[in-house]
Each structure stands twice: as C-alpha cells, then as structure tokens.
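What follows is a short report on a single structure.
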Amino acid sequence: MVQKKGQIQVGSHISFNGYDGQVSYTPSNKFTILANFSAFGANDEFFHTAKHTIEKHNFSEIGIGYYKNNKKGRTSDIFMLFGNGYTYKFFKGGDTVTGNVKPFEYTKTANYNRFLLQADFIKKSSRKSFAFSPRLFLVNYYNVKDNGTNIFEQNPRTYVYTEGVVTLGVKVFKDLRISSQVAFTIPIIGWSVAYYEFSPLNFSVGLTYNMNFRKNNVDK
C-alpha cells in the first residue's frame, strides 16, 4: 500500500497454506519496486498408518509498479511482476488392488515461472486501510519430473489464473499495522490438482511496517 516517495514497506503474513514476506521501496512520486517471497506447505507433512505425504513449494518474485494518489486517503496502482518457484511432492503409502494392499512411493517436482499483472485500489485513513486487488497471472512449468505414475509429466505446462484479493489493515503502533488478507483464485486456462501451490481460497494474517525517509515530501 505505497503512498509516498521515500517509503519502504516491510510485511510478513502466515496462512493455512504457509507464510510469505514482502518488501517494497518507492524511489519517486510515481514508481515503486516490489519483491515477494512465499513458502507454501512449509509445515505440511502428513503421517497416517497407511501413508506418508509431504507437499512443499517456495516462490520469489520482483517487479515494478506505477501508483497515483487520487484523493485524500485514496491510492490506485498497477504492478508487473516476474517470479520463479519450485514445487515438491512426496508420497509413500499403499494402493488397494484386487483386495491387496500394494505399497509404493513417488516423488514429483517441477520448476515454474510466473508473470503477474496486478492492480490495487486502496482507501486509507490514519488508523485503517482497505484494498481490493484483482490479479491476472500466467504460470509455465518446466523441469517436470515424476517417478511414479508419470501423470505429472503429462499435464499441460502453461496455466492462466485470475485472482481477487481483499486486504484489511489496522494501525497498532505508529507505522506498524496488523493486516488480514483473503484471496480467491480461479483458473481461466488449464486446471490440474497435481500442482499444490495454487489454492482456490487462502486467508492470511500478519504485520506491515512502513518506514518513511522523506516525511516532508508532498506527492505531485
């Protein structure tokens, strides 16, 4: 939620999919630089009498955005970002065939690139903030490996998703805010349950801190 030249914003959130971190710097009255990192499934390791499952992935991206302060407390911006990620699945368990339990295990891995276009519509007061962020992103997988059923390798490699994100923030101390975020993701082109890192629904909560090095700057 950038609003002025000289602002550095640092944030971190945790969700039921994992955790993520973000840092942005605004060098001018119009442009800002943004970097993200996420690790979904960082703690997802499931044990059962019949199976053992591990699902993890990490992702990082960087981009640039253009922003405009429209009215007092209102800001709009648009970002273009590029990122790279790695997804990993491991499963060990049993498969029931003709009444017999046949143990097996497999590992599925893939790298991917993501191209993202995001707009933000923000309303902010001294104590509260609200943002709606529509997103459109293209994901392309490569280095796909599957030593089990080979279904992973046969899936389409390119997907297009749209996403809507709502973010609420409340000031807790000076430039420190607690924020919560809800995201809904819908596939437009392609869909595969084999790829873990995209969830149809995600909720997160965390902290955001703003550092303003040019407090006397007036946006133009």
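In this text, residue positions in the sequence shown follow the numbering used here: the first is 16, and each later residue adds one.
Don't be surprised by glycine CBs; every beta carbon is placed ideally from N, CA and C.
In whole angstroms, what is the alpha-carbon distance linking Ile193 and Asn162?
Approximately 43 Å, taken between the alpha carbons.
Residues of its chain near Asp135, where Cβ-Cβ distance is below 6 Å and the 5 sequence neighbours each way are ignored:
Asp92, Ala146 and Ser148
Sequence-distant residues of its chain with Cβ nearer than 7 Å to Asn225 (five each side left out)
Gln22, Gln24 and Asp190
Let me confirm a value: Ala179 is counted as buried when at least 16 other C-beta atoms fall within 10 Å, else exposed. Which label applies?
According to the sequence as given, residue 179 is Gly; it is not Ala. Exposed.
Candidates Lys87, Lys45 and Phe74: which alpha carbon is nearest Phe297's?
What the structure shows of the chain is the stretch from 16 to 235, and residue 297 is not part of that stretch, so it cannot be assessed.
Reference Lys87, options Lys138, Gly33 and His28, closest by Cα:
Lys138
Buried or exposed for Ser140, please, with buried defined as at least 16 other CB atoms from any protein chain shown within 10 angstroms of its CB.
exposed
Of the residues Gly78, His72, Gly108 and Ile79, the one placed nearest Tyr127, counting alpha carbons only:
Selected option, being the one with the closest Cα: His72.
I'd like to know whether the C-beta atoms of His28 and Ser219 end up nearer to each other than 7 Å.
Yes, the Cβ-Cβ distance between His28 and Ser219 is below 7 Å.
Which word fits Ser43, buried or exposed, when buried means at least 16 other C-beta atoms lie within 10 angstroms of its C-beta?
exposed
Exposure of Val154, with buried meaning 16 or more beta-carbon neighbours within 10 Å
buried
Do Tyr156 and Thr124 have their CB atoms nearer than 7 Å?
no
Start and end of the beta strand (DSSP E) containing Gly144?
Position check: residue 144 holds Ser in this sequence, whereas Gly was assumed. Start and end: Lys143 to Asp161.
Using only the alpha-carbon positions, how far apart do Phe199 and Glu70 sit?
21 Å
Length of the line joining the Cα atoms of Lys83 and Tyr176
26 Å
Given Ser53, which residues of its chain have a CB within under 6 Å of its CB, disregarding the five upstream and five downstream residues?
If we look at Ser53 and ignore the five residues flanking it on each side, its Cβ neighbours are Asp35 and Phe74.
Decide if Lys160 is buried, meaning its Cβ has at least 16 other Cβ atoms within 10 Å, or exposed.
exposed
Can you tell me the Cα-Cα spacing of Thr1 and Thr223, whole angstroms?
Nothing can be reported for residue 1: it is not among the residues displayed for the chain, which extend from 16 to 235.
Assigned exposure category for Asn99 - 16 Cβ within 10 Å defines buried
exposed
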